[in-house]
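Student: Numbering (our numbering), first residue to last: 1046 to 1161. Before I ask anything, let me first share the structure, which is written out below as structure tokens.
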């Protein structure tokens, strides 16, 4: 019984210390005006498909800022020219279609994004 009477205050003190808010345990305080704000979300979601020598990309922009997207194609053969497509502006809630091709096989394709 004495052991319980001795451990009870120690247990309560430990529980209170662990349940205290973070600000009470921390010595350093950060001013709320000094917190860095999150940047606005940006960038279209693009889906690229390759069929033989043809490339098609659909880019959908779910955000408020306009996204200038460009399709880049890398051709497989050394004599086949790699291409950078014409930029297209994907406005808010817009979907744009980008196309391009190589003479023969396509090694890779990707879309670049630029904030307008």
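Every residue, glycine too, gets a C-beta built ideally from N, C-alpha and C.
Do residue 1157 and residue 1111 come within 7 angstroms of each other at the CB atom, strictly closer than that value?
Tutor: no
Student: Could you check how far apart the C-beta atoms of residue 1163 and residue 1120 are, in whole angstroms? I think they sit under 8 angstroms.
Tutor: Here the chain has residues from 1046 to 1161 only, and residue 1163 is not among them.
Student: Quick one: grab the DSSP three-state call for residue 1071.
Tutor: With a pLDDT of only 48 at residue 1071, under 50, the local geometry of the prediction cannot be trusted, and no value is derived from it.
Student: Straight-line CA distance for residue 1148 to residue 1113?
Tutor: 26 angstroms
Student: So residue 1101 and residue 1144 are in contact, right, with Cβ under 8 angstroms, and what is the actual spacing, rounded?
Tutor: Taking the Cβ atoms as the reference, residue 1101 lies roughly 5 angstroms from residue 1144, within the contact range of under 8 angstroms.
Student: Can you tell me where the beta strand (DSSP E) holding residue 1142 begins and where it ends?
Tutor: First-last of the beta strand (DSSP E) with residue 1142: 1139-1146.
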